[in-house]
């Protein structure tokens with residue numbers, strides 16, 4: 001063991017010496033090369049930041065004129081403004097949004113994406129810019145008198161958005177339940193309203209609760225508990241420390257100024273935007 005440590009120490013000393021002895025120009029060149037490869041430099045040269053998102057009220061949606069609006073749109077537009085570029089939003093199906101990012105179809109995902117270990121194997125995440133949990137939305141008549149345990153039954157059907165976090169959480173919480181998957185949350189919620197599924201699980205604030213408020217005779221949020229609470233972050237391609245540093249600093253700044261909290265409260269605790 002002593003011999004191993006001795007040779008390890010000699011190797012480390014040699015490595016440090018090599019780094020110290022490296023010509024200044026070489027070190028500067030390496031730094032410039034890394035910086036030049038960042039998506040931040042690409043965005044600055046292009047004059048446009050391409051943002052991937054999926055539509056989900058009120059995170060991101062279309063108004064009566066077809067324009068994209070919502071919390072994520074406010075965040076993306078503010079980010080672009082601060083970078084001195086224009087935003088380009090690219091709506092993408094949720095189950096394909098990470099592959100599209102990796103393929104270079106956009107620069108960053110800003111779409112209420114919660115941080116998971118599985119996703120982190122493929123992409124890097126910024127610090128959270130919002131926080132949420134999951135809640136159950138149930139068909140009032142079909143689940144009357146249900147306890148939490150009653151949802152774990154072969155007779156119970158959950159309608160879920162394909163590829164979203166609930167599609168991984170529900171099978172663990174309710175392994176006996178049947179699962180129907182849809183490309184959009186609206187279609188899954190509609191299945192519950194129509195009585196074709198017992199329940200849906202989605203992100204709060206404003207997901208299941210908003211639907212229950214819109215259709216109180218048909219829908220209910222039976223439990224106050226929020227499941228799987230976690231932060232939501234920007235997702236970006238791996239190997240880009242400059243972009244990760246910029247996005248983290250941007251998010252930290254707008255937490256300190258209160259801008260992120262104010263925009264979040266507007267979209268998730270008021271109905272002013274619904275007009």
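In my numbering, the protein residues as written are 1 to 275.
Backbone N, C-alpha and C define an ideal beta-carbon position, used for all residues, glycine too.
Pull the bridge partners of residue i from the DSSP assignment, please.
| i | result |
| --- | --- |
| residue 122 | Answer by DSSP bridge pairing: none, since residue 122 is not bridged. |
| residue 180 | 159 |
| residue 139 | 219 |
| residue 130 | 232 |
| residue 199 | 138, 158 |
| residue 86 | 48 |
Please state whether the Cβ-Cβ distance between residue i and residue j is less than 8 Å.
| i | j | result |
| --- | --- | --- |
| residue 162 | residue 94 | yes |
| residue 38 | residue 243 | yes |
| residue 87 | residue 273 | no |
| residue 203 | residue 129 | no |
| residue 186 | residue 115 | no |
| residue 205 | residue 269 | yes |
| residue 197 | residue 151 | no |
| residue 227 | residue 133 | yes |
| residue 238 | residue 69 | no |
Whose C-alpha, out of the options, is nearest the C-alpha of residue i?
| i | options | result |
| --- | --- | --- |
| residue 106 | 115, 224, 213, 90 | 90 |
| residue 267 | 61, 96, 117 | 61 |
Taking just the CA atoms, how far does residue j sit from residue i?
| i | j | result |
| --- | --- | --- |
| residue 28 | residue 42 | Note that residue 28 has pLDDT 39, beneath the 50 cutoff, so the model's placement of it is unreliable and the number below is only indicative. Distance between the alpha carbons of residue 28 and residue 42: 20 Å. |
| residue 84 | residue 249 | 16 Å |
| residue 169 | residue 256 | 32 Å |
| residue 65 | residue 55 | 16 Å |
| residue 167 | residue 160 | 6 Å |
| residue 240 | residue 127 | 15 Å |
| residue 135 | residue 209 | 8 Å |
Stretch pair the stretch 108 to 126 + the stretch 42 to 51: three plus CB contacts closer than 8 Å: yes
Flag this pair as touching only if the stretch 61 to 81 and the stretch 95 to 105 have three or more C-beta atom pairs under 8 Å; answer yes or no. no
How do the stretch 175 to 185 and the stretch 212 to 227 stand: do at least 3 beta-carbon pairs fall below 8 Å, yes or no? no
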